[in-house]
Structure formats: C-alpha cells, structure tokens
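Trainee: Here you go, one structure.
In this note's numbering, the protein residues as written are 2 to 306.
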C-alpha cells in the first residue's frame, strides 16, 4: 500500500473495477492531511513508526488473530514489488509484524474456518493491530466465506517455502554509482541482512528501508556488483554480476533454501504463492551465483525487549 502523495514504485498503476476500501481510506486521509497542513500538524502517512522490538513472524510460533480482505489491484504494496504474485495470494501485516519492511517477501500459512492458504507478505496494513492481518480477496475466500467480512484465524511462518527459480534483484529507480539501492525478491524466509560490493573494495552492509529496498550511501561504483543475502535462520547466498540497470528484475540461479532442508507446508492442501512476475525481454541475463546454506528453523537472536 503506497503512501498518499508518493509516486508508486510499480511501473504499472493499480486499477480495479470499483473503488476499493483502501482507496476510500486514502481519500478520507487526504482531507485530514489538508486540514493538518492548515493547522501546522505533521502526520505519519505510512501507518506510524515501527514499534520497538518489532519482528516478522518466524520460526514455529503460531499466532492467533483475525483476518479481513482487500484488493491491491496491480500494485506491489508497501513492499514495492513490480506487482502481486501471479496467484494473487498475498497479505498485509500490521506495523509490528511488517517490521519496517522486514516481513516483505516472506510467506505465511493462514488457517481459517474453511482451510489453510499460503500467502506472500506484500503490504503493510495501517489499521491492523498486532493480531490482525489483511488477506487478498482470493486468499480470504480460501479460508472463509467472503460474506463473513472478518474471520478468526491462526497463522505461522512458512519455513523454507518451495519457490520456482532463484533470488531476484531489482535496482531502484534513481540509483547510481553514487547511491546504491536494491530490492531482493524470491527469497521465501524473512531477510536479516544484505551486503554488497562493487568491482573494488570489500563488502558493505546495506540499510533496510521500509519500502523493501536496501541502500548504501555513497554508492559502490558503476558495477557489476556482488551481493550476499542472509535470512533470519542464517542461510546465506551470494550472487555476482548484478548490473546497474534500474527497475528491471535480474534473476539468479541461487536460492537461500538448501535442497536438503525440508520445507513446511500448510496442514491442508493449498497452492504455494508464485514467484515474482516474469522478466521482460529487456531484463538482464542470469547473474552467476554461489550459495551457502545453514539448516535450522530457529531464527537468529534478535533484540531483547
């Protein structure tokens, strides 16, 4: 869900046959913002600051809460993906579990009255509390009757979800040799860190942004780049040959998930979410890659509250 007044990162604007609940909320918010400007009040437009010690769902923890539904159209949500997954099974999380973008691209298994569905985290839900999630319409109808509007659910992280293809990399529009910004996709588990280097010098840590890009101030030169990605379970992969080509998905053959590591699956049959949209003919050739995987379902230690 893109913040009001901000230019969407997606190349194709969202389009729906009717005004969605999110659009109506945006229009109402626009009036409030105008009033606030008149009164000299500053408003947070991305759902407020990330709560202290916030973290995305991970490990084997089962969460209990409620689910509603919405339609993101062709938008990739707050996670700035090129678009929703092909099967349109996605979810928006409240600020504590969205965790400043840390949940982007991970998967949840959500169980409701009718069954279980696997969904990809794509968005932040500004009106959702710690135990409320917002499913796509397609996902909600897999686990409850649409007429319910809101359903009681349980959900948990999908550990090492099987995915088609390897990691993807997308350089942000406006990035250059002087300012590095990359989005990592098709990783399955929540990411812990991203490091990158250019043709000279060592690796530098990238800073995670709330729009699901990882940035390095001062840049890394013109490229190509070597990028190391680590998930919250310590699984690590390194891709080389990533080019400074903006707004295009560069695909690799490497995955964070070791083939020897069993993956969890929903308790009832459900189709896994599809990988990001296919590359266009203008997108780059496959970068060369290496991988190191460390098995284990327990996430690495996080900050203590």
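Where a beta carbon is used, it is the ideal one built from N, C-alpha and C, also for glycine. Note that the structure is predicted; figures quoted are calculated from it, not measured.
Using 10 angstroms around the beta-carbon of residue 83, count the other beta-carbons present and answer buried if the total reaches 16, otherwise exposed.
Mentor: buried
Trainee: Tell me whether residue 205 sits in a helix, a strand or coil according to DSSP, three-state version.
Mentor: strand
Trainee: Tell me the residue span of the alpha helix (DSSP H) that contains residue 99.
Mentor: 96-99
Trainee: Among 222, 95 and 220, which residue has its Cα nearest to the Cα of residue 67?
Mentor: 95
Trainee: Do the region 124-132 and the region 85-101 make contact, defined as three or more Cβ pairs closer than 8 Å?
Mentor: yes
Trainee: Count the other C-beta atoms from every protein chain shown that fall within 10 angstroms of the C-beta of residue 187, then say buried if there are 16 or more, exposed otherwise.
Mentor: buried
Trainee: On a Cα-Cα basis, can you pick out the residue from 123, 159 and 173 that is closest to residue 243?
Mentor: 173
Trainee: What does residue 170 pair with, by DSSP beta-bridge criteria?
Mentor: 185 and 251
Trainee: According to DSSP, residue 66 sits in a beta bridge with which residue or residues?
Mentor: 154
Trainee: With DSSP as the reference, please indicate the residues paired to residue 71 in a beta bridge.
Mentor: 137
Trainee: For the 8 Å Cβ check, are there 3 or more pairs between the region 198-210 and the region 150-159?
Mentor: The region 198-210, when compared against the region 150-159, does not touch it at the 8 Å Cβ threshold.
Trainee: Rounded to a whole number of angstroms, what is the C-alpha to C-alpha distance between residue 125 and residue 106?
Mentor: 12 Å
Trainee: Does DSSP classify residue 129 as helix, strand or coil?
Mentor: coil
Trainee: Going by the beta-carbon positions, is the gap between residue 103 and residue 57 smaller than 7 Å?
Mentor: yes
Trainee: Run the CB neighbour count on residue 179, radius 10 Å, all protein chains shown included, and call it buried at 16 or more, exposed below.
Mentor: exposed
Trainee: Going by other Cβ atoms of all chains shown within 10 Å of its Cβ, with 16 needed for buried, is residue 62 buried or exposed?
Mentor: Around the beta carbon of residue 62, fewer than 16 other beta carbons lie within 10 angstroms, which makes this residue exposed.
Trainee: According to DSSP, simplified to helix, strand and coil, what is residue 229?
Mentor: strand
Trainee: Please report how far the alpha carbon of residue 146 lies from the alpha carbon of residue 209, in whole angstroms.
Mentor: 37 Å
Trainee: For the beta strand (DSSP E) holding residue 103, just list the boundary residues, first then last.
Mentor: From DSSP, residue 103 is part of no beta strand (DSSP E); its letter is neither H nor E.
Trainee: Return the Cβ separation of residue 148 and residue 89 in integer angstroms, given the expectation that the two are a contact with Cβ distance under 8 Å.
Mentor: Between residue 89 and residue 148 the Cβ distance is about 20 Å, and since that is not below 8 Å, they are no contact.
Trainee: Under 8 Å, with one C-beta from each stretch per pair, do the region 232-246 and the region 210-218 reach the 3-pair mark?
Mentor: Per the Cβ contact rule, the region 232-246 is not in contact with the region 210-218 (fewer than 3 Cβ pairs under 8 Å).
Trainee: Could you spell out where the beta strand (DSSP E) holding residue 115 opens and where it closes?
Mentor: Looking at the DSSP string, residue 115 is not in any beta strand (DSSP E), and its letter there is neither H nor E.
Trainee: In the DSSP assignment, what residue or residues form a beta bridge with residue 121?
Mentor: 91 and 108
Trainee: Go through its chain and collect everything with a Cβ distance to residue 192's Cβ below 6 Å, but skip five positions before and after it.
Mentor: Residues of the same chain with a CB within less than 6 Å of the CB of residue 192, apart from the 5 flanking positions on each side, are 232 in chain order.
Trainee: Residue 152 to residue 114, Cα distance in whole Å?
Mentor: 8 Å
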